[in-house]
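Chemist:
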Amino acid sequence: DGGITQSPKYLFRKEGQNVTLSCEQNLNHDAMYWYRQDPGQGLRLIYYSQIVNDFQKGDIAEGYSVSREKKESFPLTVTSAQKNPTAFYLCASSISADEKLFFGSGTQLSVL
Amino acid sequence: GQQLNQSPQSMFIQEGEDVSMNCTSSSIFNTWLWYKQDPGEGPVLLIALYKAGELTSNGRLTAQFGITRKDSFLNISASIPSDVGIYFCAGRRGAQKLVFGQGTRLTINP
Chain A
724 DGGITQSPKY LFRKEGQNVT LSCEQNLNHD AMYWYRQDPG QGLRLIYYSQ IVNDFQKGDI
784 AEGYSVSREK KESFPLTVTS AQKNPTAFYL CASSISADEK LFFGSGTQLS VL
Chain B
237 GQQLNQSPQS MFIQEGEDVS MNCTSSSIFN TWLWYKQDPG EGPVLLIALY KAGELTSNGR
297 LTAQFGITRK DSFLNISASI PSDVGIYFCA GRRGAQKLVF GQGTRLTINP
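Quick mapping for you: the protein sequence lines, in order, are chains A and B.
Okay, so the first sequence: first residue is 724 according to this note's numbering, each after it adds one.
Okay, so the second sequence: first residue is 237 according to this note's numbering, each after it adds one.
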């Protein structure tokens, strides 16, 4: 089955720790995205990548980093510089940058 | 940046009722998308609209691309318990990034 897989489903971060959220897709999509969702809020774009080895900052990139070494994978690192990391993180992909997005099932990140 | 106003923010209805929600933008869009999100899950695409005036159905769901290209509407007929969730609109202008509304939370009383 084709789809987008996010892992883990739940993640806990200690103070000063970097954590990495995984996102893998087997849809052969060129574009991939990371969104942050806070309770009762809409989706805010963190980073996006339109092609392998290239990515751009979204609206709230500070405190986050990404890489796109393979077409299938777009991991997100939440660094210690992100002072309010508790949120639901959603990964998405699309055939190209101007096509509809398909989402993974999300990762809930909480601070210990 | 671009803003999408989605209304209402929440709805409490009886099972079997019809539902209407809408999204308005300060800018013209050439794509409108409607998603549904269940608790703890990612949004699932319901309907995609690409042309002003377009009316598209997906089962009991019907969405329309407003003729001004600044709004879109989603209707759900004869609601059932599994319709509960958060509905998001999203719009795009040209090659720009997709912009999401704040969501409409639908609650259904059996």
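For glycine and all other residues, C-beta sits at the position ideal for the given N, C-alpha and C.
Remember, predicted model here, so these are calculated numbers, not experimental data.
In chain B, which residues lie with their C-beta within 8 Å of the C-beta of lysine 670 (chain A)?
Modeler: This structure does not reach residue 670 (chain A), given that chain A is present from 724 up to 835, and the question cannot be answered.
Chemist: Could you confirm whether any beta carbon from chain A is found closer than 7 Å to the beta carbon of phenylalanine 336 (chain B)?
Modeler: yes
Chemist: Of the choices A:Gly726, A:Gln740 and A:Leu744, whose alpha-carbon is the least far from that of lysine 732 (chain A)?
Modeler: A:Leu744
Chemist: Would you verify that the beta carbon of glycine 827 (chain A) is, or is not, closer than 7 Å to some beta carbon of chain B?
Modeler: yes
Chemist: Measuring only between beta-carbons, confirm whether alanine 299 (chain B) sits less than 7 Å from chain A.
Modeler: no
Chemist: Can you tell me which of the three DSSP states aspartate 307 (chain B) falls into?
Modeler: strand
Chemist: What are the residues of the region 269-283 of chain B that lie near chain A, defined by any Cβ-Cβ distance shorter than 9 Å?
Modeler: Leu269, Tyr271, Gln273, Gly276, Glu277, Gly278, Pro279, Val280 and Leu281
Chemist: Contact check, glycine 330 (chain B) vs serine 828 (chain A) under 8 Å by CB: the rounded distance?
Modeler: Wrong, their Cβ atoms sit about 30 Å apart, outside the cutoff.
Chemist: Aspartate 760 (chain A) bridges to which residues according to DSSP?
Modeler: Reading off the sequence shown, one finds glutamine at residue 760 (chain A), where the question assumed aspartate. BP columns for glutamine 760 (chain A) point to A:Leu766 and A:Phe811.
Chemist: Listing by chain order, which chain A residues have their CB less than 8 Å from the CB of lysine 333 (chain B)?
Modeler: Leu768, Tyr771 and Gly781
Chemist: Following the continuous beta strand (DSSP E) through glycine 327 (chain B), name the residue where it begins and the one where it ends.
Modeler: 321-328
Chemist: Apply the 10 Å Cβ neighbour rule to proline 808 (chain A) and answer buried if 16 or more other Cβ atoms are within range, or exposed otherwise.
Modeler: buried
Chemist: For lysine 793 (chain A), which residues does DSSP report across the bridge?
Modeler: A:Ser796
Chemist: Going by alpha carbons, who is nearest to serine 243 (chain B) out of B:Ile344, B:Leu310, B:Ser318 and B:Val335?
Modeler: Looking at the Cα atoms, B:Leu310 is the closest of the given residues.
Chemist: What residue from A:Leu813, A:Asp821, A:Ser816 and A:Glu795 has the CA that sits closest to arginine 328 (chain B)'s CA?
Modeler: Residue A:Asp821 is the option with its Cα nearest to arginine 328 (chain B).
Chemist: Quick check on the burial criterion: 16 or more other C-beta atoms within 10 angstroms. Buried or exposed for threonine 304 (chain B)?
Modeler: exposed
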